[in-house]
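Numbering (my numbering), first residue to last: 115 to 273.
C-beta atoms are modelled at their ideal positions from N, C-alpha and C, and glycine is treated no differently.
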């Protein structure tokens, strides 16, 4: 501050701004501010600082209905994202289990089919061998009933 008159008496500025000075002192200080630009700027800065401090101490206004509507909508969106996010890991676990179960079932099915096919081939070979042992020559099937009767009559045992 460049003013010599009030440079050491800042308390006067505070009292002036708060309205605690007597009327004759307030008039003298106001007259001084009209003449002294440095004091006038100092008082204006102090007044603005006081306004800012008071504004900071005042309770803030409650948010309006639009704000709460947006907050609720955003919460619903986040909950939906979380539900979707929780769904995929469960689906992955289910897919892994299904894959393993399906693979095991297919292995069992192929094993069963291969086993029954081999078993059928083995029985067929065994049956043919037994027939050849019983009937060493190839037996021709009769064409009709007359041929059957003729073969039985000719030899007695069908040969």
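Tell me the residue span of the alpha helix (DSSP H) that contains residue i.
| i | result |
| --- | --- |
| residue 171 | 151-171 |
With a 10 Å radius around its C-beta and 16 neighbouring C-beta atoms as the bar for buried, classify residue i as buried or exposed.
| i | result |
| --- | --- |
| residue 130 | buried |
| residue 138 | exposed |
| residue 181 | exposed |
| residue 134 | exposed |
| residue 212 | exposed |
| residue 224 | exposed |
| residue 156 | buried |
| residue 207 | exposed |
| residue 143 | buried |
| residue 258 | exposed |
| residue 126 | buried |
Counting only the same chain and skipping the five closest in sequence on each side, list residues whose C-beta sits under 7 Å from that of residue i.
| i | result |
| --- | --- |
| residue 262 | 256 |
| residue 172 | none |
| residue 230 | none |
| residue 202 | none |
| residue 140 | 130 |
Which residues in the same chain as residue i place their Cβ atom closer than 8 Å to its Cβ, once the five residues preceding and following it in sequence are excluded?
| i | result |
| --- | --- |
| residue 164 | 131 |
| residue 196 | none |
| residue 210 | none |
Kindly say whether residue i, judged by its beta-carbon, lies nearer than 9 Å to any beta-carbon of chain C.
| i | result |
| --- | --- |
| residue 163 | In the structure shown, chain C cannot be found, because there is only a single protein chain. |
Does the distance from the C-beta atom of residue i to that of residue j stay below 9 Å?
| i | j | result |
| --- | --- | --- |
| residue 152 | residue 128 | no |
| residue 176 | residue 146 | no |
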